[in-house]
Ligand SMILES: [Zn+2]
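Written out as structure tokens, the structure reads:
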């Protein structure tokens, strides 16, 4: 009997999808007065989308900078632990073995990441502390400038021209030494170049899009994609900066980004970094949304790919667009698993 598309999706999803970028910790922290959010709100979405591993980012909003950054970061990790303890369904993982064990037990593996090193201030020793806390991937910057370097802006040119600071360079070397993945998401073009020169291991971009389709310095160019490929790394395709306007922000165009990365560096270089954050925007007061739009950009959410429960829509689309089972498995989880196996 031939397999239906739904059966095929279920089979392809069975090992669990890996999404390497989600701003979960920020939300858990902001809603710390309503405990149980992970189990009540996020778990059903993760389960509906067959999510197996989630990269949960420590991210510090501007209003906490600089004094509160370290404290809020620690509290975000504390919130995650408290939330994970309330359910049997998650485990915080630090190594590849722990991820494999967690998946074998049918639990969801949470990998703590950091988006912007503001919590470290300029103190390299604190990297060691966060490593002990389980942080396993680090983007040096978000869109801001910090003690390590500068982020790429949401425009085709105009990011700060300077690269990493001496602290930023030390951090990158120390990440490689400690076994923390160096994540090139958000870094400005000059910083990208410098990180490539400073490192030898595979590099990742946890969540980004191709400048070919949305030409902003926060996304990455064909040249940059090729460098990631040459280094045996993986580019996680982002679902919120797929196109410059609403009309271009479609599931088909998301798959165009996947195809583009595949065509440049091969299927082994493509992964998922959804960066779902529509729910965060909906919670914000209108004036804050306006402020963010002026400072950064207005993200355009893909209607049928706005949260983890929509993951099957993506797989259905990949099938429709002619991707083979082997290709889909690599995109959904196998490439990130290879990175974990090599580096964690
Ligand atoms: Zn980001």
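In my numbering, the protein residues as written are 8 to 351. Each residue gets a CB set at the ideal place from its N, CA and C atoms; glycine is no exception.
Delimiting residues of the beta strand (DSSP E) encompassing residue i
{"i": "residue 28", "result": "24 to 29"}
{"i": "residue 247", "result": "Unbroken run through residue 247: none, as it is neither H nor E."}
{"i": "residue 185", "result": "Segment 173 to 185 is the alpha helix (DSSP H) holding residue 185; no beta strand (DSSP E) there."}
{"i": "residue 188", "result": "188 to 190"}
{"i": "residue 279", "result": "277 to 279"}
Start-to-end residues for the alpha helix (DSSP H) that takes in residue i
{"i": "residue 138", "result": "132 to 139"}
{"i": "residue 325", "result": "318 to 327"}
{"i": "residue 265", "result": "258 to 272"}
{"i": "residue 334", "result": "332 to 336"}
{"i": "residue 20", "result": "12 to 20"}
{"i": "residue 283", "result": "Per DSSP, residue 283 belongs to no alpha helix (DSSP H) and is neither H nor E."}
{"i": "residue 341", "result": "Taken as a continuous stretch (DSSP letters only), residue 341 belongs to no alpha helix (DSSP H), as it is neither H nor E."}
{"i": "residue 297", "result": "293 to 302"}
Residues that residue i bridges to, as DSSP identifies them
{"i": "residue 122", "result": "146"}
{"i": "residue 165", "result": "In the DSSP output, where bridge partners are listed per residue, residue 165 has none listed."}
{"i": "residue 115", "result": "97"}
{"i": "residue 158", "result": "194"}
{"i": "residue 312", "result": "309"}
{"i": "residue 152", "result": "157"}
Integer-rounded CB distance, given that residue j should sit under 8 Å from residue i
{"i": "residue 192", "j": "residue 213", "result": "5 Å"}
{"i": "residue 279", "j": "residue 45", "result": "Contact flag wrong, Cβ pair sits at about 20 Å."}
{"i": "residue 87", "j": "residue 117", "result": "7 Å"}
{"i": "residue 256", "j": "residue 249", "result": "5 Å"}
{"i": "residue 189", "j": "residue 232", "result": "That belief does not hold up - the Cβ atoms of residue 189 and residue 232 are roughly 16 Å apart, past 8 Å."}
{"i": "residue 259", "j": "residue 219", "result": "Wrong, their Cβ atoms sit about 15 Å apart, outside the cutoff."}
{"i": "residue 198", "j": "residue 236", "result": "Going by Cβ atoms, the distance from residue 198 to residue 236 rounds to 19 Å, so no, they are not a contact pair."}
{"i": "residue 287", "j": "residue 150", "result": "Residue 287 to residue 150, Cβ: 15 Å. No contact."}
{"i": "residue 67", "j": "residue 146", "result": "Wrong, their Cβ atoms sit about 12 Å apart, outside the cutoff."}
{"i": "residue 224", "j": "residue 160", "result": "5 Å"}
{"i": "residue 155", "j": "residue 178", "result": "6 Å"}
{"i": "residue 76", "j": "residue 125", "result": "4 Å"}
Minimum length 3: unbroken beta strand (DSSP E) runs contained in the segment 25 to 113: Within the segment 25 to 113, the complete beta strand (DSSP E) runs of at least 3 residues are 58 to 65, 97 to 99.
Beta strand (DSSP E) runs wholly inside the segment 192 to 233, at least 3 long, in chain order: Taking only runs of at least 3 residues, the beta strand (DSSP E) segments lying wholly in the segment 192 to 233 are 211 to 215.
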